[in-house]
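Let me begin by presenting the structure, written as structure tokens, before commenting on it.
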Amino acid sequence: MNKNLLVFTVSLIVTTVAIGFGTMQFIVPSFLVLILGSLAVATWLVYYFVLKTKPENFIKNYLLTVVLKLIVGGIFIFILLFRDPAGANDNAILFMGAYLMLTVLEVGFLFKKFGQL
6 MNKNLLVFTV SLIVTTVAIG FGTMQFIVPS FLVLILGSLA VATWLVYYFV LKTKPENFIK
66 NYLLTVVLKL IVGGIFIFIL LFRDPAGAND NAILFMGAYL MLTVLEVGFL FKKFGQL
């Protein structure tokens with residue numbers, strides 16, 4: 006396993022667990038584990054895919070993954086909000102906050118790797 010991928014994976018797990026515990030201090034979304042797990046897996050897959058990309062294809066492939074992540078994430082959160090209208094606010098806040106934090110983590114690691122181009 007690649008050292009960058011291993012460090013990213015550990016950082017992703019720690020960040021996801023921290024988001025989960027931090028969220029439970031303020032709100033308890035009905036789909037806490039599902040949202041965090043799905044976003045963590047999606048973030049890891051995007052990072053892995055982009056990490057294996059040739060430097061000359063980095064921008065094209067990263068933009069493709071961002072668009073796919075937004076579309077799939079939008080469909081995912083719409084389904085969750087439809088299934089639990091009473092907890093819609095808590096689930097939406099968790100989704101948006103976790104999406105932002107995990108994307109910042111992903112971009113930070115990718116910038117560290119590809120920033121020297």
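FYI, in our numbering the residues of the sequence shown are 6 to 122. Note that the Cβ used here is the ideal one computed from N, Cα and C, for glycine as well. Predicted model only: the values in this text are computed from it and were never measured.
Touching by the beta-carbon criterion (3+ pairs, under 8 Å), the segment 16–28 and the segment 94–110: yes
CB contact flag (L37, L99, <8 Å): yes
Same chain, Cβ closer than 8 Å to G92, five either side skipped, listed in chain order: Around G92: P34, S35, F36.
Buried or exposed (CB count within 10 angstroms, at least 16 for buried), V12: exposed
Cut-off 6 Å between Cβ atoms - residues of its own chain near G25, not counting five sequence neighbours on either side: L41
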